[in-house]
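Worksheet: the structure to be examined is printed underneath.
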Amino acid sequence: MTYLGELRQNIRPLAAASLGSGAGLMLMSYATTIFGPYLVKTFGWSRSQFALIGLAMVPTLIVLPIIGRLTDHFGVRRAAIVGVLGIPLCIFGYSMMSGSFTVYFLLSTMLLVVGSFSTPVVYTRLIAADFQRARGLALTIVTIAPALLAAIGAPLLTEVINAFGWRAGYRALAVFVLVCGLIAVALIPAHDPAAEVTLNKPPKARADYRLILGSAPFWIIFAAMLLCTLQTPLHASQMGMMLRDNHLGSLAAATMISVYSIGTVIGRISCGLALDKFPAPIVAAISMFPPAVGYALLASPLDTTVVIGAAMFMVGVAIGAEGDLQSYLVARHFDLRIFSTTLSLVYVGVFAAGASGSALISLTLKVTDSFAFYLGAMAVAVALGSFLFLLLPREGRFEKIGEAQTEPREDGAGATVRTQEIAA
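Here this note's numbering is used: position 46 in the sequence shown is 91, and no number is missing along the way.
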């Protein structure tokens, strides 16, 4: 099958994964940073207090491995519906807030927990199962969806908020997410052979976790992603205020968020195509390095529009590549049977990094009332993390970790069902 032919043959799962991920939790990171300044102004929260919202990620560290395991066990469709219905309810809850930061924190925690059922941990399992030759490009299409929606929607959502208020903005966002999510679930193929094998012959979870946690590739990916994503709170909730610190108005800040989003689109396209053609570790290292330069520029006193725009673009490029890399590297080194389980553990590192980054931002703002120190620290962390990827195997076929030795059997229709294997 040709490179593009694989995309055409699997257009339905690709569309489902793209729309589901695009309108899921990943989109919320863009939306939250737009609403942040309005909430701080309306309710009188301090910036250091608002920075603590990233600690809402902590409970997610517990549920993510469970979500990954459930997805491998029951399939994508059943897992995704939780996020599709849960996210709009949480967003609508935001619109009803009366000023309690505790309520906002609890809603954010709920959003992250139920929203994790709509992340790449769940949806990219469709790509890992159905794509081999064009896996990098397929993952690009899936992970590019939130950035595309944000690039188009950030200025529109800002206009809605300015015209009708932030409460109306939340409600409009809730309706949009619900409609897109329901369409995505309807597109998910009903049959998941790997999940069916798991249901009929469930492996021992303890053995699988021991296998994953005992592998060198897992820890390399985990550590590299943790260092590269310590900056997550910046683009998840603090970007708007950071840009205001650089003397940008609300519309100018929204424009910079669009520039950042365009950077993620370009980063994901470039990274996805490169992963299908060049050694993955080298692509990962090159793709994740630009924010080291971008954050250094943002930490500097150079706050002209051109410099800020260039820095935001470089940050966006790596954020775009990040989504492709996590799923691709896990699919490259681990069998489909434990794909979502492994990817969820990688995301534990990402969420832990986000929580740690939030605490650092809060402390930095409390002590210095500036983002400069935090931005400089992130430049160093990202540089170190990007080089760690070079420790992964570069070329050649190697046995996937956790490759199932499942005997073939027949399903109810007489068709042979096997645990699927993904080509390295």
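Beta carbons: idealized from backbone N, C-alpha and C, even for Gly.
From the DSSP output, read off the bridge partner residues of residue i.
{"i": "Phe379", "result": "Ile446"}
Have a look at residue i and residue j and give me their C-alpha separation to the nearest angstrom.
{"i": "Ala458", "j": "Lys322", "result": "Note that Ala458 has pLDDT 37, beneath the 50 cutoff, so the model's placement of it is unreliable and no number is given."}
{"i": "Asp380", "j": "Ala190", "result": "26 Å"}
{"i": "Leu388", "j": "Val360", "result": "23 Å"}
{"i": "Thr87", "j": "Gly144", "result": "8 Å"}
{"i": "Val362", "j": "Ile327", "result": "16 Å"}
{"i": "Tyr75", "j": "Val304", "result": "12 Å"}
{"i": "Thr116", "j": "Ala269", "result": "25 Å"}
{"i": "Ile56", "j": "Leu437", "result": "31 Å"}
{"i": "Leu426", "j": "Cys316", "result": "Strictly speaking, residue 426 in this sequence is Ala, with Leu absent from that position. The alpha-carbon atoms of Ala426 and Cys316 are separated by roughly 21 Å."}
{"i": "Ile314", "j": "Gly308", "result": "10 Å"}
{"i": "Ser272", "j": "Val338", "result": "A small correction: the amino acid at residue 272 is Leu; Ser does not occupy that position in the sequence shown. Using only the alpha carbons, I get a separation of about 15 Å."}
{"i": "Ala469", "j": "Ala61", "result": "Model confidence at Ala469 stands at a pLDDT of 34, short of 50, so the residue's coordinates are unreliable; what they give is reported in the following sentence. Using only the alpha carbons, I get a separation of about 24 Å."}
{"i": "Lys411", "j": "Gly89", "result": "16 Å"}
{"i": "Asn207", "j": "Met301", "result": "17 Å"}
{"i": "Pro110", "j": "Phe396", "result": "12 Å"}
{"i": "Phe95", "j": "Ile406", "result": "10 Å"}
{"i": "Phe80", "j": "Ile364", "result": "20 Å"}
{"i": "Pro324", "j": "Ala344", "result": "33 Å"}
{"i": "Ser63", "j": "Cys225", "result": "10 Å"}
{"i": "Glu466", "j": "Pro336", "result": "Low confidence applies here, because Glu466 scores a pLDDT of 36, under 50, leaving its location unreliable; read the following figure in that light. Going from the Cα of Glu466 to the Cα of Pro336 covers about 35 Å."}
{"i": "Gly447", "j": "Asp253", "result": "7 Å"}
{"i": "Ser153", "j": "Val103", "result": "11 Å"}
{"i": "Gln54", "j": "Val391", "result": "30 Å"}
{"i": "Glu141", "j": "Gly354", "result": "Note that residue 141 is Met in the sequence shown, not Glu. Taking the straight line from one Cα to the other gives about 35 Å."}
{"i": "Ser431", "j": "Trp211", "result": "38 Å"}
{"i": "Leu59", "j": "Ile265", "result": "28 Å"}
{"i": "Pro133", "j": "Ala400", "result": "23 Å"}
{"i": "Asp148", "j": "Ile98", "result": "In the sequence under discussion, the amino acid at residue 148 is Val, which differs from the Asp named in the question. When rounded, the distance between both Cα atoms is 11 Å."}
{"i": "Val205", "j": "Phe416", "result": "28 Å"}
{"i": "Leu223", "j": "Ala124", "result": "15 Å"}
{"i": "Gly259", "j": "Arg216", "result": "45 Å"}
{"i": "Asp414", "j": "Leu408", "result": "9 Å"}
{"i": "Arg463", "j": "Phe358", "result": "For Arg463, the predicted model reports a pLDDT of 39, less than 50, meaning its position is unreliable and no value from the coordinates is stated."}
{"i": "Thr349", "j": "Ala356", "result": "11 Å"}
{"i": "Ile331", "j": "Leu435", "result": "10 Å"}
Rounded to the nearest angstrom, how far is the Cβ of residue i from that of residue j, given a contact under 8 Å?
{"i": "Phe267", "j": "Gly402", "result": "Incorrect: roughly 16 Å between the Cβ atoms, too far for contact."}
{"i": "Ile257", "j": "Ile383", "result": "7 Å"}
{"i": "Ala229", "j": "Gly65", "result": "3 Å"}
{"i": "Ala235", "j": "Arg122", "result": "7 Å"}
{"i": "Ala329", "j": "Leu370", "result": "5 Å"}
{"i": "Leu202", "j": "Leu218", "result": "7 Å"}
{"i": "Val158", "j": "Thr78", "result": "Rounded, the Cβ-Cβ distance is 20 Å, inconsistent with contact."}
{"i": "Ser306", "j": "Ala199", "result": "7 Å"}
{"i": "Ala192", "j": "Phe150", "result": "Incorrect: roughly 27 Å between the Cβ atoms, too far for contact."}
{"i": "Ala424", "j": "Tyr340", "result": "4 Å"}
{"i": "Gly128", "j": "Leu171", "result": "No, Gly128 and Leu171 are not in contact; Cβ-Cβ is about 14 Å, not under 8 Å."}
{"i": "Leu342", "j": "Val352", "result": "6 Å"}
Out of the options, state which residue places its alpha-carbon closest to the alpha-carbon of residue i.
{"i": "Pro346", "options": "Cys316, Val328 and Phe418", "result": "Phe418"}
{"i": "Met155", "options": "Gln371, Tyr139 and Tyr168", "result": "Tyr139"}
{"i": "Gly131", "options": "Ala397, Tyr392, Tyr215 and Gly160", "result": "Gly160"}
{"i": "Phe221", "options": "Arg92, Val391 and Ile136", "result": "Ile136"}
{"i": "Ser163", "options": "Lys249, Arg92, Gly113 and Met142", "result": "Gly113"}
{"i": "Arg178", "options": "Arg377, Leu201 and Gly339", "result": "Arg377"}
{"i": "Gly486", "options": "Leu342, Tyr48, Gly259 and Thr386", "result": "The structure shown does not extend to residue 486, since the chain is modelled only from 46 through 469, so no value can be given for it."}
{"i": "Leu52", "options": "Val187, Leu272, Leu70 and Tyr373", "result": "Val187"}
{"i": "Tyr373", "options": "Ala319, Leu97 and Ser91", "result": "Ala319"}
{"i": "Ala261", "options": "Ile172, Val375 and Ala124", "result": "Val375"}
{"i": "Ala174", "options": "Thr203, Gly214, Gly67 and Gly120", "result": "Gly120"}
{"i": "Ala250", "options": "His118, Pro133, Met301 and Leu223", "result": "His118"}
{"i": "Val34", "options": "Thr185, Ala101 and Val129", "result": "Nothing in the structure corresponds to residue 34, since the chain is present only between 46 and 469."}
{"i": "Phe209", "options": "Ile172, Tyr83 and Phe95", "result": "Tyr83"}
{"i": "Met73", "options": "Gly214, Leu97, Met142 and Thr147", "result": "Gly214"}
{"i": "Phe523", "options": "Leu433, Ala356, Val148 and Ala428", "result": "Not covered by the structure: residue 523. The range shown for the chain is 46 to 469."}
{"i": "Ala231", "options": "Val166, Ile126 and Glu204", "result": "Ile126"}
{"i": "Val108", "options": "Ile331, Val166 and Leu435", "result": "Val166"}
{"i": "Val85", "options": "Ala124, Phe146, Arg216 and Ala68", "result": "Phe146"}
{"i": "Tyr477", "options": "Ser385, Leu420 and Lys445", "result": "Nothing about residue 477 can be read from this structure; the chain reaches only from 46 to 469."}
{"i": "Ser93", "options": "Ser332, Thr349 and Ala404", "result": "Ala404"}
{"i": "Ala366", "options": "Ala183, Phe176, Gly421 and Glu444", "result": "Ala183"}
Relative to the ligand HEM, is the shortest distance from any of its heavy atoms to the C-beta of residue i smaller than 7 Å?
{"i": "Met270", "result": "With respect to small molecules bound, the structure shown includes none, and the ligand HEM cannot be examined in it."}
State yes or no: is the beta carbon of residue i nearer than 8 Å to at least one beta carbon in chain B?
{"i": "Pro262", "result": "Given the protein chain composition of this structure (a single chain), no chain B is represented."}
Please specify which runs of the alpha helix (DSSP H), each continuous and at least 4 residues long, are wholly inside the segment 100–183, giving them in chain order. Taken in chain order, the unbroken stretches of alpha helix (DSSP H) that lie wholly in the segment 100–183 and span 4 residues or more are 103–119, 121–140, 146–160 and 165–175.
Quick check for students: name the residue ranges of the alpha helix (DSSP H) that lie wholly in the segment 209–233, counting only runs of 4 or more. Taking only runs of at least 4 residues, the alpha helix (DSSP H) segments lying wholly in the segment 209–233 are 211–232.
Taking only runs that begin and end inside the segment 304–358, name each unbroken alpha helix (DSSP H) of 4 or more residues, in chain order. DSSP runs (the alpha helix (DSSP H)) wholly in the segment 304–358: 325–333 and 335–344.
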